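Novice: Quick note: the sequence shown uses numbering that gives the first Met the number 0, first residue 0, plus one each step.
Here a beta-carbon is modelled for each residue, glycine too, at the ideal position from N, C-alpha and C.
Because the structure is a prediction, the values reported are computed rather than measured.
Following this message is one structure expressed as structure tokens.
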Amino acid sequence: MADECIHGFEDGLCAICFPPKEPAPRPAAAAKPRTSRTGGARTGRPAARVPGAPHPSADAAIDAKAMRIYHVTHLDNLAHILGSGALLADAAEPGARPEVDIAAPAAREFRRTAELGGTGAVVADYVPFLLTTDAHVWDAVRTATPDPRLDPSAVERPAADYVIFVSSVGIALGARTDVLGEVVLSDADAAVAGARTATEWPEIERMLRGIARDDDAASIASAEFLVREALPIERVSLIAVSNEKVRDRVREALRAVGLRTRVAVYPPWFLPNPVEAQ
């Protein structure tokens, strides 16, 4: 029987309980001469590719719908979220009414007027998600670093006071891949001028794959995934917390509304990124 993850993740998904194994060294393969059409030996050098062009199989190996998405909120907002049965957009009806608003007032107001071209909606009509737990805005909270998108009090609170709702692109999208603006992807804060956005699924999929294979970690750390109006709690795969005390509080709140969403204790998501902290 497989070992059980004490942090609440499925087997194999926790980097602490199931650390990745070092890859075994591959034996050196003897080079085989290749023959050209004229019968002469070839150098074996691969055909030249256009600089910056992806490997032909690169996109095929990336399942955009399987990519995880993360919504961070303060623990005190949990009761309203669970009572609503969904993560709600700011401008939805009745809309998100956070007990502890971590967004800067000016940033929230700006998102209520910033239009997303072609969707007939503004940014505040969407629930915002991150594509990584090392996203810049969340790392600002973890490192107590001021950020214009965040209320000053947000970075003064311990990261342990927050919870992270986890889902995936495919679960959030559902079967409505032909609906314009059902989800939106932006390579930066969607309300900021100059941000590149995608509002149709084929374009979103291509953009997600590009972000996933980009060697520059800043690409995925800056991106924002938006879900129109609401994400029902039933579409949340798990709720990540920093410690057992918070886990027990979240589980009690879930039981009160009859939900059995998985709760995972995973401290690394709530600690400063070691690379950034150096």
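Rounded to whole angstroms, how far is the Cβ of H73 from the Cβ of Y161, which I believe are closer than 8 Å?
Specialist: For the purposes of this step, residue 73 is taken as the residue at position 74 of the sequence shown. For the purposes of this step, residue 161 is taken as the residue at position 162 of the sequence shown. Rounded, the Cβ-Cβ distance is 6 Å, consistent with contact.
Novice: For I219, which of helix, strand or coil comes out of DSSP?
Specialist: Along the sequence shown, read from residue 1 onward, the residue named residue 219 stands at position 220. Reduced to three states, the DSSP call for I219 is helix.
Novice: For R278, is the classification buried or exposed, using 16 other Cβ atoms within 10 angstroms of its Cβ as the cut-off for buried?
Specialist: Residue 278 cannot be examined here, being either before or after the span of the chain that is shown, 0 to 277.
Novice: Smallest Cα separation from R234: which of R175, T196, S166?
Specialist: In the sequence shown, the residue the question calls residue 234 occupies position 235. The candidate whose alpha carbon is nearest that of R234 is S166.
Novice: Below 8 Å on the Cβ atoms is my contact criterion, and I expect A158 with F269 to pass it. Report the Cβ-Cβ distance as a whole number of Å.
Specialist: Within the sequence shown, numbered from 1, the residue matching residue 158 stands at position 159. Within the sequence shown, numbered from 1, the residue matching residue 269 stands at position 270. Right, their Cβ atoms sit about 4 Å apart.
Novice: What does the alpha-carbon distance come out to for the pair E228 and M206?
Specialist: Counting from 1 along the sequence shown, the entry for residue 228 is found at position 229. Counting from 1 along the sequence shown, the entry for residue 206 is found at position 207. The straight-line gap from Cα to Cα measures roughly 22 Å.
Novice: Sort out for me which residues DSSP pairs F224 with in a bridge.
Specialist: Start at 1 with the first residue of the sequence shown, and residue 224 comes out as number 225. DSSP lists F128, L184 as partners of F224.
Novice: Please report how far the alpha carbon of L289 lies from the alpha carbon of G209, in whole angstroms.
Specialist: For the chain, the structure presents residues 0 to 277; residue 289 sits outside this window and is missing.
Novice: Compare the Cα-Cα distances from L81 to each of Y265, A263, R259, V264 and report the closest residue.
Specialist: Walking along the sequence shown from the start, residue 81 turns up at place 82. Comparing Cα positions, the closest option is R259.
Novice: Let me know if P223 comes out buried or exposed under the rule of 16 or more other beta-carbons within 10 Å of its beta-carbon.
Specialist: On the sequence shown, residue 223 is found 224 positions in, with the first residue counted as 1. Reading off the sequence shown, one finds Glu at residue 223, where the question assumed Pro. So E223 counts as buried.
Novice: Quick one: what's got a C-beta closer than 8 Å to A252's C-beta in the same chain, skipping five residues either side?
Specialist: The residue given as residue 252 occupies position 253 in the sequence shown. If we look at A252 and ignore the five residues flanking it on each side, its Cβ neighbours are L77, A78, L81.
Novice: Given G38, which residues of its chain have a CB within under 6 Å of its CB, disregarding the five upstream and five downstream residues?
Specialist: Indexing the sequence shown from 1 puts residue 38 at position 39. Reliability fails at G38, whose pLDDT of 41 lies under 50, so the model's placement of it is uncertain and the value that follows must be treated cautiously. So the list is empty, once near-sequence residues are dropped.
Novice: Looking only at C-alpha atoms, which of I219, A123, E181, E92 sits nearest to A187?
Specialist: Looking up residue 187 in the sequence shown gives position 188. The shortest C-alpha separation from A187 is found at I219.
Novice: Which runs of the beta strand (DSSP E), 3 residues or longer, sit entirely within the region 144-215?
Specialist: Qualifying beta strand (DSSP E) stretches, in chain order: 161-167, 182-185.
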